[in-house]
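S.K.: Protein chains in written order, with this note's numbering: chain A, 1 to 484; chain B, 1001 to 1529. Idealized CB from N, CA, C, for every residue including glycine. Have a look at this one before I ask anything.
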Amino acid sequence: MTAYETVIGLETHIQLNTLTKIFCACKADSWEDAPNSNICPVCTGLPGVLPVLNERVVEKAVLLAEAMHAEVQPISYFDRKNYFYPDLPKGFQISQFDVPVALGGYLELPIPAAADPEGKGYVTRVRIHKLHIEEDAGKTKNDGNERQVDFNRCGVPLVEMVTEPDLRTADEAAQYLIRLRQLLRWIGISEADMEKGNLRCDANVSIRPVGATHLNEKTEIKNVNSIDSVREAIRKEVERQTREVEEGNSIKAWTLEWDQDAGVLRKMRSKETEADYRYFREPDLLPLHISEEWKTAILADFPERPLERKARFMQDYNLPEYDADILTLERALSDYFEATVKTYGGDSKKVSNWLMNDVLRMINEDHLDPAAMRLTPQYLAELLKLVDAGTINITTGKALLQQVQESGKAPMQLVEEQGLAQVSDDAAIRAVCEQIIAASPDEVAAYRGGKDSLMGWFVGQVMREMRGKADAKLAKEVLVELLK
Amino acid sequence: MELCDLSAVEVRDLLLEKKVSAVEVLDACQARIDAVDGRPGTLEPGGETKEDAQRVHAFITRTPELARAQAEAVDKQIAAGEDSGPLAGIPFTVKDIFCVKDTPSTAASRILANFNAPYTATAVERLQAAGALMLGKVNLDEFTYGSSSESSAFQPSPRNPWDTTRVPGGSSGGSAASVAAGEAFLSLGTDTAGSIRQPAAFCGVVGLKPTYGRVSRYGLIAFGSSLDCPGPLARNAKDAALMLQAMAGPDPRDATAATLDVPDYLAALEKDIKGKRIGLSPDYFQITFPQADGAYSQQPVPEEMRAAVLHAADIYRALGAEIVEDVPMPNTRYGIPVYFVISRVEAASNLHRYDGVKYGYRTQQAVGELKDLYRKSRGEGFGLQPKLRILMGMYVSAAQYSEQYYRRALRVRTLIRRDFEEAFDPQGKYRLDALLTSTTPTSAFPIQDVYGDSVLMQYADQLTVPANHAGVPGISFPAGFGADGLPIGLQLLGPDYSEATLLQLTHAYEQASAGAEWRKKRPAVLEVR
Chain A
1 MTAYETVIGL
11 ETHIQLNTLT
21 KIFCACKADS
31 WEDAPNSNIC
41 PVCTGLPGVL
51 PVLNERVVEK
61 AVLLAEAMHA
71 EVQPISYFDR
81 KNYFYPDLPK
91 GFQISQFDVP
101 VALGGYLELP
111 IPAAADPEGK
121 GYVTRVRIHK
131 LHIEEDAGKT
141 KNDGNERQVD
151 FNRCGVPLVE
161 MVTEPDLRTA
171 DEAAQYLIRL
181 RQLLRWIGIS
191 EADMEKGNLR
201 CDANVSIRPV
211 GATHLNEKTE
221 IKNVNSIDSV
231 REAIRKEVER
241 QTREVEEGNS
251 IKAWTLEWDQ
261 DAGVLRKMRS
271 KETEADYRYF
281 REPDLLPLHI
291 SEEWKTAILA
301 DFPERPLERK
311 ARFMQDYNLP
321 EYDADILTLE
331 RALSDYFEAT
341 VKTYGGDSKK
351 VSNWLMNDVL
361 RMINEDHLDP
371 AAMRLTPQYL
381 AELLKLVDAG
391 TINITTGKAL
401 LQQVQESGKA
411 PMQLVEEQGL
421 AQVSDDAAIR
431 AVCEQIIAAS
441 PDEVAAYRGG
451 KDSLMGWFVG
461 QVMREMRGKA
471 DAKLAKEVLV
481 ELLK
Chain B
1001 MELCDLSAVE
1011 VRDLLLEKKV
1021 SAVEVLDACQ
1031 ARIDAVDGRP
1041 GTLEPGGETK
1051 EDAQRVHAFI
1061 TRTPELARAQ
1071 AEAVDKQIAA
1081 GEDSGPLAGI
1091 PFTVKDIFCV
1101 KDTPSTAASR
1111 ILANFNAPYT
1121 ATAVERLQAA
1131 GALMLGKVNL
1141 DEFTYGSSSE
1151 SSAFQPSPRN
1161 PWDTTRVPGG
1171 SSGGSAASVA
1181 AGEAFLSLGT
1191 DTAGSIRQPA
1201 AFCGVVGLKP
1211 TYGRVSRYGL
1221 IAFGSSLDCP
1231 GPLARNAKDA
1241 ALMLQAMAGP
1251 DPRDATAATL
1261 DVPDYLAALE
1271 KDIKGKRIGL
1281 SPDYFQITFP
1291 QADGAYSQQP
1301 VPEEMRAAVL
1311 HAADIYRALG
1321 AEIVEDVPMP
1331 NTRYGIPVYF
1341 VISRVEAASN
1351 LHRYDGVKYG
1361 YRTQQAVGEL
1371 KDLYRKSRGE
1381 GFGLQPKLRI
1391 LMGMYVSAAQ
1401 YSEQYYRRAL
1411 RVRTLIRRDF
1421 EEAFDPQGKY
1431 RLDALLTSTT
1441 PTSAFPIQDV
1451 YGDSVLMQYA
1461 DQLTVPANHA
1471 GVPGISFPAG
1481 FGADGLPIGL
1491 QLLGPDYSEA
1501 TLLQLTHAYE
1511 QASAGAEWRK
1521 KRPAVLEVR
């Protein structure tokens, strides 16, 4: 039996998070707004209107191009893609065609062990074919006998990004979307929420015998709106194609639609019935010139990419890959980590532990933005230093995290206000230890009889008596001495 | 001579001197319209009466209340000594291809007959802001697709005020006719292949197609978006300058509007034309027709057209200009074929939005699926010209034909532009300030004579269309009458943004020919009353 490999290319539509639409001043984000409440003559294509390009769209596209290592074109053009549909009020979509805003590029894709059939994990590189800017269309829905149109989404800016057919498994496709989503949020150009349609994906799928280099006829899967669905739809399509080929049938270049509820693919159309979009240059817009100066200004604050930062964290801070991965899932968290490490100056693995175990839990439970927390990196560093210096013990330190976040007060201030500093006075501790020993003749006898494990109990009693402020290490030393 | 027969500048001075009121000026125009315009065009015209045949029929929609209210406001401002704007109290008409808030904006098409625009086009907005009084919307070829105004869905279509058996030209036929008949001082037209200049020539008025982008297209219902230019029609160069001044300039709503500063057109008018270099080209003294077999046949423009051009050249020479002969413009002949392709592609796409879904005409027939709604609404709503243009536009931009038609046409368009660049190059061989030609190959043709032959009709634009391809400005001005008693128009074409020079040269010609006998002639519709 022939073994087949899967060849996948992804086309993603990325809604940019600009304030206004691409060609008019209407609000771009209509999430939960009433239908047709963010519209104007321009985005509804009334007779006589003209588009005027929103420069923020270009800036965000350039940021994405840079993130993908793509080549921004000094001149690109807008074209009209002509077709009839009720959600397309002009009867054409303003898009880019043969000379798009950016060409080429790639995304390094680490595939985790769980998604590797061999269970080891690997890194693959997905090449980008092109990125182009376009306007979104509206939405239609059927309501009884009526077909209703909502133009709110008309003119919302999109970047369509097309990969080369470099993905080989449904899991790789899913990983691509996960990493792309991370990157989009990282550079702040899209909310990248697939459920909200900020990030949409069409998958081109074909199969070929393992070892072959040619591309077979592909099908295009549309309307998949979650990462899990993409994985599932591709798996089903690969199964179908394999079955067809093994039965001696040929694969037809169909467009398939993913039915989320039924979990099945349905044929939308065959290639023969596909429209000729009669692309031609949009005469209402000038060629898009992106000068070196403009590009430089746009990229002035371009951040380190997430995978680069992850690698650097492992290198510079000696973090395990697991830590580095989690700490770079979001840019704000990674910034938080690094700012804390720099202020702290101590063991970065300790910072990582505190962040991943405690701070991250606070962030997740209370939906906090790391960049806007009252527990600032400076305060966290201060707190860690207090623990290191023995001013407070670890338990107090962890309790203080929440208090700093709630009060916004510096850890030191809280320690002073509440008298939380641990007691390191040998005499005070000795007094309490003597008191405990005197009150616990049985335990003393048992300990002296060889039950060493009771030491923990004695320390605990001292801590309780001193309401947790005792320097536990010192208390133990005193107890050992007194119980000899 | 009545109040409405003066020039806009003369009336403006009378208004500022408080010798007349804006309401009086308006009333004079309304009276003239009532007297000579006849019934406005409608979708269901019924039979044409004998009276219809003697009227101008410039209008589709009159907006008298709006004009009246604005005239009264202007009078108040003038009485109070406030700045009422450079066009205060001057009545004008608007080609019904511009959107004007809360007025029907029909494009002379059934498909938009019920469309009331919710916003106003930039050019109209600026004229109104300058104090001009909008009398209403005037007729045109459907969606501007024609050169005679006969293809309007609103009939009767406009007639030539000099001879009502003749067309006024087109597509800005209603504009030119309304200015020629003294119904309005100014009219806002559009020029995609000659649609301002050709009717201006046919009706004996001045028509200026500005440089592409000089006047915002926002609110102009698009035909050929890369060719369309809004511009003034007026009685003389000075009025046209005044009107252009009010409209020209950058517009944040039109990305293709030029961001260059607007010069003072009126100040430029009075400058000496001494030393200006005016060119004559053999390629503009002949008309080239393609034949069925693909070969071209050439014929010279009529002798009286040629004579008018040469006479104007003599006048300019006498005024101190240099006449440069034999300027080659070899790609002029491709203007129409290239236009057939480019304008149709853009038109077909621009017409996509009229689908019966959102506004405008929707079929009354029962429809099955969505495509059925599209098909019937568009089939019933569009007239012949839009349909022809959609068919051709779709064809020449189809994936398998685009290279041999559309893309090829774009390349030839570049060659046409190059002709002008070489002629106007300040360091080049010819160094022209302007090229002088006749505006049209013929004077106004009889109604029904050419209508129906789309190709022949298109060739009425042969001498005007190259300027649209090149984006350069052109002006048409009256230069006497032919043996048929109809106006002859001459055209000056200049380099990008040379409107001031074109207006100045036109003004110089007007001054030099002010005493000519032909200037005393009045349109026939005014004589028969």
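1. Contact between the region 1272–1285 of chain B and the region 1322–1334 of chain B is defined here as three or more beta-carbon pairs at a separation below 8 Å; is this criterion met?
2. Are the CB atoms of P1232(B) and T1190(B) nearer to each other than 8 Å?
3. Given 8 Å as the limit, is there contact between the region 1139–1153 of chain B and the region 1079–1086 of chain B, that is, 3 or more CB pairs closer than that?
4. Is any beta-carbon of chain B found at less than 8 Å from that of V156(A)?
5. Rounded to whole angstroms, how far is the Cβ of A1234(B) from the Cβ of V1205(B), which I believe are closer than 8 Å?
6. Pick from L1227(B), E1499(B), P1495(B) and P1487(B): whose alpha carbon is nearest that of K1521(B)?
7. Quick one, are the C-beta atoms of D1461(B) and A1193(B) less than 8 Å apart?
8. If you draw a straight line from the C-alpha of T1506(B) to the C-alpha of T1256(B), how long is it?
9. Give the residues of chain B in contact with D284(A), contact being defined as C-beta atoms less than 7 Å apart.
10. From Y1401(B) to Y1395(B), what does the alpha carbon distance come to, in whole angstroms?
11. Can you give me the C-alpha to C-alpha distance between F337(A) and Y4(A), rounded to a whole angstrom?
12. For T44(A), go through chain B and note every residue whose CB falls closer than 8 Å to its CB, in chain order.
13. Out of A1121(B), A1108(B) and Y1509(B), state which residue places its alpha-carbon closest to the alpha-carbon of D1102(B).
14. In terms of DSSP beta bridges, what is C1229(B) paired with?
15. Going straight from the alpha carbon of S1476(B) to that of L1014(B), what length do you get?
16. For the alpha helix (DSSP H) holding E220(A), just list the boundary residues, first then last.
17. Taking the C-alpha atoms as reference points, what is the distance between L1435(B) and L1310(B)?
18. Against V1341(B), what residues of chain A qualify as contacts under a CB-to-CB distance less than 9 Å, listed in chain order?
19. Flag V123(A) as yes if its beta-carbon sits less than 8 Å from any beta-carbon of chain B, otherwise no.
20. Just the chain A side, please: which residues come within less than 8 Å of F1115(B) by C-beta, in chain order?
21. Taking DSSP as the reference, what is the three-state secondary structure of W258(A)?
22. Provide the residue(s) that pair with I111(A) in DSSP beta bridges, ordered along the chain.
23. Taking the C-alpha atoms as reference points, what is the distance between L1220(B) and G1474(B)?
24. Rounded to whole angstroms, what is the Cα-Cα separation between R281(A) and T1164(B)?
25. If the criterion is Cβ atoms closer than 8 Å, does the pair A1308(B) and G1494(B) meet it?
26. For L1188(B), tell me which candidate among K1271(B), D1239(B) and E1142(B) has the shortest Cα-Cα distance.
27. When you compare the CB of D276(A) with every CB in chain B, is at least one pair closer than 8 Å?
28. Give me the Cα-Cα distance between E244(A) and A300(A), rounded to the nearest whole angstrom.
29. Using beta carbons (cut-off 8 Å, strictly below), is V1206(B) in contact with chain A?
30. In whole angstroms, what is the alpha-carbon distance linking P1078(B) and A1483(B)?
31. May I ask you to list the residues that DSSP assigns as paired with C40(A)?
32. What did DSSP end up calling S1538(B) once you bin it into helix, strand or coil?
33. Where are the alpha helix (DSSP H) runs, 4 residues long or more, that stay fully inside the region 1082–1170 of chain B, in chain order?
34. On the criterion of 16 or more Cβ atoms from any shown chain inside 10 Å, does W354(A) qualify as buried, or is it exposed?
35. Could you give the DSSP three-state label for L1503(B): helix, strand or coil?
36. Contact between the region 432–442 of chain A and the region 404–422 of chain A: three or more CB pairs below 8 Å?
M.R.: Working from what's here:
1. With the cut-off at 8 Å, the region 1272–1285 of chain B and the region 1322–1334 of chain B touch.
2. For this step, residue 1232(B) is matched to residue 232 along the second sequence. For this step, residue 1190(B) is matched to residue 190 along the second sequence. Taking a C-beta distance under 8 Å as the contact criterion, P1232(B) and T1190(B) do not qualify as a contact pair.
3. In short, these stretches do not touch, since the Cβ pair count stays below three.
4. For the purposes of this step, residue 156(A) is identified with residue 156 of the first sequence, where counting begins at 1. Contact of V156(A) with chain B is not assigned, every C-beta pair being separated by 8 Å or more.
5. Stepping through the second sequence from its first residue, residue 1234(B) is reached at position 234. Stepping through the second sequence from its first residue, residue 1205(B) is reached at position 205. For a cut-off of 8 Å, the C-beta gap from A1234(B) to V1205(B) is around 7 Å, short enough to register as a contact.
6. The sequence position of residue 1521(B) within the second sequence is 521, counting from 1. Here the closest residue by C-alpha is P1487(B).
7. Start at 1 with the first residue of the second sequence, and residue 1461(B) comes out as number 461. Start at 1 with the first residue of the second sequence, and residue 1193(B) comes out as number 193. Contact check for D1461(B) against A1193(B) passes: the beta carbons are separated by less than 8 Å.
8. Counted from its first residue, the second sequence places residue 1506(B) at position 506. Counted from its first residue, the second sequence places residue 1256(B) at position 256. The straight-line gap from Cα to Cα measures roughly 27 Å.
9. The sequence position of residue 284(A) within the first sequence is 284, counting from 1. For D284(A), the C-beta contacts it makes with chain B under 7 Å involve S1225, A1255 and T1256, in order along the chain.
10. As a position in the second sequence, residue 1401(B) is number 401, starting the count at 1. As a position in the second sequence, residue 1395(B) is number 395, starting the count at 1. Take the alpha-carbon of Y1401(B) and the one of Y1395(B): they are about 7 Å apart.
11. Working through the first sequence from its first residue, we reach residue 337(A) at position 337. Working through the first sequence from its first residue, we reach residue 4(A) at position 4. Those two C-alpha atoms are separated by around 44 Å.
12. Within the first sequence, numbered from 1, the residue matching residue 44(A) stands at position 44. Neighbours of T44(A) on chain B, chain order: K1358.
13. As a first step, residue 1102(B) must be located in the second sequence, where it is residue number 102. The candidate whose alpha carbon is nearest that of D1102(B) is A1121(B).
14. Sequence index remark: in the second sequence, residue 1229(B) carries index 229 (1-based). According to DSSP, C1229(B) bridges with D1191(B).
15. The residue given as residue 1476(B) occupies position 476 in the second sequence. The residue given as residue 1014(B) occupies position 14 in the second sequence. In this structure, the alpha-carbon of S1476(B) lies about 27 Å from that of L1014(B).
16. In the first sequence, counting from the first residue as 1, residue 220(A) sits at position 220. Not the alpha helix (DSSP H): E220(A) falls in the beta strand (DSSP E), residues T219 to V224.
17. One-based indexing of the second sequence puts residue 1435(B) at position 435. One-based indexing of the second sequence puts residue 1310(B) at position 310. Looking at the two C-alpha atoms, the distance is approximately 12 Å.
18. If you number the second sequence from 1, residue 1341(B) lands on position 341. For V1341(B), no chain A residue has a Cβ inside 9 Å of its Cβ, as the nearest lies near 11 Å away.
19. As a first step, residue 123(A) must be located in the first sequence, where it is residue number 123. At a cut-off of 8 Å between C-beta atoms, V123(A) does not count as an interface residue with respect to chain B.
20. To locate residue 1115(B), count along the second sequence from 1; it is residue 115. Those are P47, listed as they occur along chain A.
21. Translated into the one-based positions of the first sequence, residue 258(A) becomes position 258. Strand at W258(A).
22. On the first sequence, position 111 is the one that residue 111(A) refers to. Secondary-structure assignment with DSSP links I111(A) through a beta bridge to Y122(A).
23. Locating residue 1220(B) in the second sequence gives position 220, where the first residue counts as 1. Locating residue 1474(B) in the second sequence gives position 474, where the first residue counts as 1. The alpha-carbon separation between L1220(B) and G1474(B) amounts to approximately 19 Å.
24. One-based indexing of the first sequence puts residue 281(A) at position 281. One-based indexing of the second sequence puts residue 1164(B) at position 164. So the two alpha carbons sit approximately 42 Å from each other.
25. Locating residue 1308(B) in the second sequence gives position 308, where the first residue counts as 1. Locating residue 1494(B) in the second sequence gives position 494, where the first residue counts as 1. No Cβ-Cβ contact shorter than 8 Å links A1308(B) with G1494(B).
26. Indexing the second sequence from 1 puts residue 1188(B) at position 188. Ranking K1271(B), D1239(B) and E1142(B) by Cα distance to L1188(B) puts D1239(B) first.
27. Along the first sequence, one-based indexing puts residue 276(A) at 276. Judged by the 8 Å Cβ criterion, D276(A) is in contact with chain B.
28. For the purposes of this step, residue 244(A) is identified with residue 244 of the first sequence, where counting begins at 1. For the purposes of this step, residue 300(A) is identified with residue 300 of the first sequence, where counting begins at 1. Straight-line Cα distance between these residues: approximately 52 Å.
29. Locating residue 1206(B) in the second sequence gives position 206, where the first residue counts as 1. So, not an interface residue.
30. Numbered from 1 along the second sequence, position 78 holds the residue referred to as residue 1078(B). Numbered from 1 along the second sequence, position 483 holds the residue referred to as residue 1483(B). The displayed chain sequence assigns Ile, not Pro, to residue 1078(B). Using only the alpha carbons, I get a separation of about 46 Å.
31. Taking the first sequence and counting its residues from 1, one reaches residue 40(A) at position 40. Answer by DSSP bridge pairing: none, since C40(A) is not bridged.
32. Here chain B has residues from 1001 to 1529 only, and residue 1538(B) is not among them.
33. Those alpha helix (DSSP H) runs which fall completely within the region 1082–1170 of chain B and span 4+ residues are 1122–1129.
34. Walking along the first sequence from the start, residue 354(A) turns up at place 354. By the Cβ neighbour-count rule, W354(A) is buried, with 16 or more other Cβ atoms within 10 Å of its own.
35. Counted from its first residue, the second sequence places residue 1503(B) at position 503. Helix, per DSSP.
36. Because the criterion of three Cβ pairs below 8 Å is not met, the region 432–442 of chain A and the region 404–422 of chain A do not touch.
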